[in-house]
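Here's the structure, in structure tokens; my notes come after.
In full-length UniProt numbering, the protein residues as written are 1 to 102.
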């Protein structure tokens with residue numbers, strides 16, 4: 001297993017926040033290369049979330065056939081709480097700079 005990399009910190013933080021609110025990731029293809037979260041494309045963060053065990057696939061009988069669904073795990077929820085608290089402790093200008101840099 002290769003070490004996943006976090007490529008876009010702003011997207012990762014937004015993904016954690018949406019997942020913590022109960023939203024799920026929908027993988028549109030078998031390899032989860034195309035994912036949607038809360039109506040927006042999830043371009044960089046899925047691999048990291050999945051490989052670190054922060055999200056896990058679940059059976060969604062109300063979902064569409066052929067799509068895969070992922071939600072936050074218990075470990076992911078604990079991580080999200082800590083990460084989001086640390087994110088909100090940063091001054092706004094630092095958060096802005098991190099978002100602009102990726």
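All C-beta atoms, glycine included, are put in the ideal place defined by N, C-alpha and C. As the structure is a prediction and not an experimental result, all values here were calculated from the model.
> Considering residue 42, what are the terminal residues of the beta strand (DSSP E) in which it resides?
Replying inline: Position 42 of the chain shown, counted from the start, is the residue given in the question as residue 42. Residues 40-42.
> Which ranges does the beta strand (DSSP E) cover as unbroken runs of at least 3 residues, wholly within the region 5-93, from first to last along the chain?
Replying inline: 25-27, 35-37, 40-42, 55-58 and 68-72
> With residue 54 and residue 75 assumed to form a contact (beta carbons below 8 Å), what rounded beta-carbon distance in angstroms separates them?
Replying inline: Mapped onto the chain shown, residue 54 falls at position 54. Mapped onto the chain shown, residue 75 falls at position 75. Yes, they are in contact, since the Cβ atoms of residue 54 and residue 75 sit about 7 Å apart, within 8 Å.
> For residue 58 versus residue 24, is the C-beta distance shorter than 9 Å?
Replying inline: For the purposes of this step, residue 58 is taken as residue 58 along the chain shown, with counting starting at 1. For the purposes of this step, residue 24 is taken as residue 24 along the chain shown, with counting starting at 1. Yes, they are a contact pair.
>> Please identify the residue among 80, 98 and 29 whose C-alpha is closest to the C-alpha of residue 21.
In response: Sequence index remark: in the chain shown, residue 21 carries index 21 (1-based). The candidate whose alpha carbon is nearest that of residue 21 is 80.
> Quick one, are the C-beta atoms of residue 66 and residue 9 less than 9 Å apart?
Replying inline: In the chain shown, the residue the question calls residue 66 occupies position 66. In the chain shown, the residue the question calls residue 9 occupies position 9. The answer is no: Cβ separation not under 9 Å.
>> Taking the straight line between their C-alpha atoms, what separation do you get for residue 71 and residue 56?
In response: Here residue 71 is taken as the residue at index 71 of the chain shown, counted from 1. Here residue 56 is taken as the residue at index 56 of the chain shown, counted from 1. Going by the C-alpha atoms only, they are around 6 Å apart.
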